[in-house]
Structure formats: C-alpha cells, structure tokens
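Report on the structure given below.
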Amino acid sequence: MSERPSTVPAPATGAGPSPRRNEWLLISFTGTTNTADAVMRVALPLLATTVTDSPASVAAVAMMLTLPWLITALHIGVLVDRKNRRSLMVGAEFARMAAMAVMLAAVAVDVVNLPLILAVALVLGVAEVVAQLSAMSIIPSVTPKNRWQALNARLTATEYVTFSFLGAPIGGFLVAAGFAVALGASGAVYLFGALLLTLLVGDFAVKQPKERRPARAEIREGLVFLWRHRLLRTMAALITGMAGCWAAWYALIPAYAVGGPLGLTPAQYGFLLTSLGAGGVLGTVLVGPVNRLIGRRWAMFVDIVGTVLMVGVPAVIPAGPAAVWPVGVAAFLAGVGGTMWTVNSRVISQSLVPNELLGRFGAASRLLSWGMLPVSAAVAGGLAELFGFQIAFGVFAVVCLLMVYPFLRVITADAVAEADAPAAEGSGK
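Okay, so the sequence shown: first residue is 3 according to my numbering, each after it adds one.
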C-alpha cells in the first residue's frame with residue numbers, strides 16, 4: 003500500500019519577498035544552461051572528428067556526457083541533500099565554464115586531442131548531474147506550493163525550447179563560425195547562468211541531522227524511500243519503461259527515416275524530429291487546463307497513449323514516403339504526453355518526498371530511467387538488424403501497452419489526491 007511520508011517539504015523559504023522573481027530567475031537559468039549544454043553536445047563530437055576518424059571514438063564523447071548519470075548520480079544525490087542547493091548549482095556552472103576555458107586554450111594553441119575532449123565531456127556530464135538534481139530539489143525553496151505546477155510547466159517548456167529547438171541550430175551556427183567561438187560563447191553563457199543564480203532570494207540550505215551518517219547509509223535511505231512508497235515506486239518503474247521506448251525510437255528513427263522505409267532527406271528528418279519537440283512545448287501550455295478538465299491522473303495517462311502511438315505507428319503502417327505524416331503526428335502526440343507526465347510527476351514527487359530527501363530520491367529514480375536508455379537503444383538496434391524495423395518498433399509498443407495495467411491499478415485517483423492534499427494548505431498563499 004502507499005505510504006505517506008512523515009514530513010512534507012516546508013513552505014518555500016524563498017517565497018516571502020518575491021516568489022515570482024525567483025521563478026523567472028530559475029526559468030532564465032534553465033534556458034541559458036540548456037542552450038549551452040545543447041551547443042556542447044554539437045561542438046564536442048564535431049571537435050573529436052578533427053582528431054580521429056574512428057566512429058567509436060567520436061561516439062565515446064556522447065557516452066562521456068551521459069555516463070555520470072550511471073556512475074555518480076547516487077552520490078551526488080547525497081551531496082544535494084547535504085549542501086546548499088543554490089551553491090551547488092553555481093559551482094556546477096563554474097565547473098562548466100572552467101572546462102570551456104581549458105578547451106578554448108587547447109584550441110587556441112592547437113593541442114586538442116581525444117583524451118582532453120573526453121575529459122572535458124566527463125566534467126560537463128558530472129556538472130549536469132549536479133545542476134539537474136539540485137534544480138529539481140530547489141523548487142520547494144523557491145516558490146510556494148500552489149505555484150509548483152506552473153513553475154514546473156514553464157521549466158519544462160524552457161527545456162524543450164532551448165535544448166531541442168534552439169540549442170542544436172545555434173550550436174551548428176557557432177561551430178561553423180569556429181570552435182573557439184562556440185566554446186567561448188558557451189563559457190560566457192555558463193557564467194551568466196551562475197550570476198542569475200546568485201540573485202535568487204531565500205534559504206536554500208537543507209536542514210541537517212545532528213549526526214551525519216556515512217554516504218552509503220544516506221544513499222540507502224533514498225533507495226529505500228523510493229522502494230517502499232508504492233505510488234512513487236510504480237511511477238519510477240513506468241517512466242523507466244517509457245524512457246526505454248523513447249530511447250528505442252530515437253535509436254531506430256534515423257535509419258528508418260533517412261535511407262530507410264520513409265526515404266527522407268536529412269532536412270526532412272530534422273522536421274520530423276521537430277514534431278516531437280513541438281508537441282512537448284504545446285503540452286506545457288495544455289497541462290494546466292487538461293489537469294483541471296480530466297484530472298492529474300488522466301493527464302499523466304496521455305503519456306502512455308502517446309508513447310504507444312510513437313513506437314506503435316511505425317510498427318503497423320505500410321512503409322513508404324506517405325508514412326511520414328502518421329509517424330510525425332504520433333511523435334507530436336508523444337511530445338504532448340511526455341510533458342504531461344514530466345510536469346505532473348515532478349509536482350507529485352515534490353509533494354510526497356521530504357525536502358531533505360529530494361536529491362537522493364531524484365538520483366535514485368533517474369538512475370533507473372536514464373540507465374535504461376543505452377540498454378533499450380542496443381536492444382532496439384539488435385531487433386531491427388535481425389528482424390526488421392516493424393518488429394523492433396512493435397516489441398517496444400507491446401512493452402508500453404503492458405504498462406497500462408500497473409498504471410490503472412496503482413496511480414489511482416485516491417493516490418494522486420494524497421499527493422495533491424498539501425496543495426490545499428498552500429492555496430491561500
């Protein structure tokens with residue numbers, strides 16, 4: 003059965019003087035850091051191609067950018083629950099800026115090599131884990147409870163726009179102007195993000211116990227809390243499965259769309275990917291009205307429907323150029339549903355997880371979902387190689403359909419109402 007935690011996050015300490023100011027500062031920070039991150043995900047692999055012809059070596063750059071989620075997330079979650087979360091975010095920005103300075107210097111004196119690029123990618127990856135876990139955990143200290151849904155929606159919209167829409171094109175433009183330009187601009191943006199964070203008003207330190215326990219014990223506490231809470235445990239399992247389906251789609255869609263059954267040009271392929279991001283942006287606008295119309299539970303269910311369509315449509319429609327339209331529409335709907343889930347799941351977690359556990363809880367849940375990404379991509383590629391695209395997409399569509407039962411069984415109206423209960427207390431703020 004679902005357990006209710008003994009404590010819920012305290013009202014936002016930053017909510018007194020100017021909660022809306024804090025919100026816009028956090029949104030602005032999210033926009034700047036996601037834009038710079040997207041530029042680096044374009045620039046570093048391209049920079050690697052100037053020093054190596056090995057596809058595996060170039061792919062290793064992308065791996066180093068995401069590997070810290072697997073190897074450092076749990077320990078960084080402990081750090082987030084021990085230290086001032088704003089200070090950690092500022093530190094992450096300065097670490098990114100320092101990495102850019104080192105890389106810029108190497109480009110300037112022409113001593114760029116693959117080990118250096120991989121090391122910089124690893125630093126950026128670790129900084130991303132610190133920044134994201136801290137940002138997810140700082141919201142209860144930034145704004146009152148009754149503003150969490152609106153803030154989470156705006157943050158999610160900002161992530162979609164800056165990372166998915168603007169970041170990659172900006173990265174390509176800056177790299178075309180020169181690697182030094184791309185690196186220097188990203189470093190400046192990271193510095194600007196750090197300055198924005200210093201303007202936040204409030205107390206962002208976490209209340210500490212009288213006696214500090216070993217990190218292993220604190221990691222275990224976060225994992226145990228997630229495992230024992232039925233609603234949160236089921237949500238983590240569902241998002242792990244859906245993240246796997248999304249990873250499979252992303253792994254298969256390039257070969258499926260370009261030179262495969264759809265026969266798209268690279269430019270047309272870019273528009274196909276844009277449909278997913280467009281749906282995500284629209285979802286941030288619709289999540290509030292949809293929640294009021296059908297409730298938070300059914301708004302989250304939209305994500306399962308959208309994900310089933312995203313991987314299911316390519317599995318059942320006849321191959322050919324005309325298939326691009328249903329594939330694009332399915333991706334668009336998946337983007338809408340993905341936002342519905344992201345915003346609502348964040349609100350539920352921030353409501354049910356004690357403030358002093360938010361970092362470790364976020365690390366535990368993301369370790370599961372993000373750890374599934376490389377596994378699903380590899381499985382999808384193997385299935386497509388052995389049995390074809392339709393079978394590969396179809397397997398993951400079935401996986402997603404199997405999630406309907408646990409969703410309906412566990413994520414009930416009563417369970418979601420339990421998570422929403424504290425909102426009524428803060429509604430008068």
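Just so you know, even glycine gets a beta-carbon here, dropped at the ideal spot from N, CA and C.
Quantities reported herein were computed from a predicted structural model and do not represent experimental measurements.
- Message: Just to confirm the assignment, what range does the alpha helix (DSSP H) spanning isoleucine 73 have?
- Response: 70-73
- Task: Quick one: which unbroken beta strand (DSSP E) runs of 3-plus residues sit fully inside the stretch 166-190? Chain order, please.
- Result: none
- Query: methionine 91 to methionine 237, Cα distance in whole Å?
  - Reply: 27 Å
- Message: Quick check: is any heavy atom of the ligand MN less than 6 Å from the C-beta of serine 353?
- Response: The ligand MN is absent from the structure shown, which contains no ligands of any kind.
- Query: In chain order, which beta strand (DSSP E) runs of at least 3 residues are fully inside the stretch 226-289?
  - Reply: none
- Message: Taking its Cβ as the centre, do 16 or more other Cβ atoms sit within 10 Å of tyrosine 407, making it buried, or is it exposed?
- Response: exposed
- Task: Kindly indicate which three-state DSSP category isoleucine 141 falls into: helix, strand or coil?
- Result: helix
- Could you tell me which of Leu118, Val44, Phe227, Ala178 sits nearest to leucine 2, measuring between CA atoms? Beyond the ends of the chain as shown, which are 3 and 431, falls residue 2; an answer cannot be given.
- Buried or exposed for valine 418, please, with buried defined as at least 16 other CB atoms from any protein chain shown within 10 angstroms of its CB. buried
- Task: Give the DSSP-derived three-state secondary structure of aspartate 112 in the structure shown.
- Result: coil
- Is the beta carbon of tryptophan 150 sitting closer than 7 Å to the one on glutamine 352? yes
- Secondary structure of lysine 85, DSSP reduced to three states: coil
- Separation of alanine 155 from valine 349, as counted between CA atoms: 10 Å
- Item | Stretch pair the stretch 167-183 + the stretch 33-51: three plus CB contacts closer than 8 Å | yes
- Task: Spell out a yes or no on whether the stretch 71-91 and the stretch 123-132 are touching, meaning 3 or more CB-CB pairs, one atom from each, closer than 8 Å.
- Result: yes
- Message: I want to know whether the stretch 108-122 touches the stretch 251-261 - three or more CB-CB distances under 8 Å.
- Response: no
- Query: Taking the alpha-carbon positions, what's the alanine 123 to valine 310 distance?
  - Reply: 33 Å
- Below-7 Å beta-carbon distance, phenylalanine 206 vs any chain E residue: Chain labels in this structure do not include chain E; a single protein chain is all it has.
- Query: Is it right to say phenylalanine 181 is buried, meaning 16 or more other beta carbons lie within 10 angstroms of its own, or is it exposed?
  - Reply: buried
- Query: So, are the CB atoms of serine 378 and glycine 246 less than 7 Å apart?
  - Reply: yes
- Message: Comparing C-alpha positions only, which one of His231, Pro171, Gly169, Met374 sits nearest to alanine 249?
- Response: Met374
- Message: So the candidates are Val313, Ala325, Gly308, Gly297; which of them puts its Cα closest to the Cα of asparagine 346?
- Response: Gly297
- Item | DSSP state of glycine 322 mapped onto helix, strand, coil | coil
- Message: Suppose you measure from the CA of glycine 33 to the CA of leucine 81; what does that come to, to the nearest Å?
- Response: 24 Å
- Task: State buried or exposed for glycine 361, treating a residue as buried only when at least 16 other CB atoms are found within 10 Å of its CB.
- Result: buried
- Reduced DSSP secondary structure (H/G/I, E/B, other) of valine 355: coil
- State the Cα-Cα distance for the pair tryptophan 372 and alanine 321, rounded to the nearest angstrom. 31 Å
- Roughly how many angstroms separate the alpha carbons of valine 45 and alanine 187, rounded to a whole number? Strictly speaking, residue 45 in this sequence is alanine, with valine absent from that position. Their Cα atoms are separated by approximately 12 Å.
- Grab the span of the alpha helix (DSSP H) containing isoleucine 413 for me, first residue to last. Segment: none, isoleucine 413 is in no alpha helix (DSSP H) and carries neither H nor E.
- Rounded Cβ spacing between methionine 342 and glycine 285 (contact assumed at less than 8 Å): 6 Å
- Do you know how far the Cα of threonine 35 is from the Cα of phenylalanine 165? 9 Å
- Query: Where does the unbroken alpha helix (DSSP H) through valine 53 begin, and where does it stop?
  - Reply: Note, valine 53: premise wrong, no alpha helix (DSSP H); not H, not E.
- Message: Is it buried or exposed, valine 289, if we count other Cβ atoms within 10 angstroms and call 16 or more buried?
- Response: buried
- Item | Residue of Phe398, Ala365, Ile413, Leu388 minimising C-alpha distance to proline 70 | Ala365
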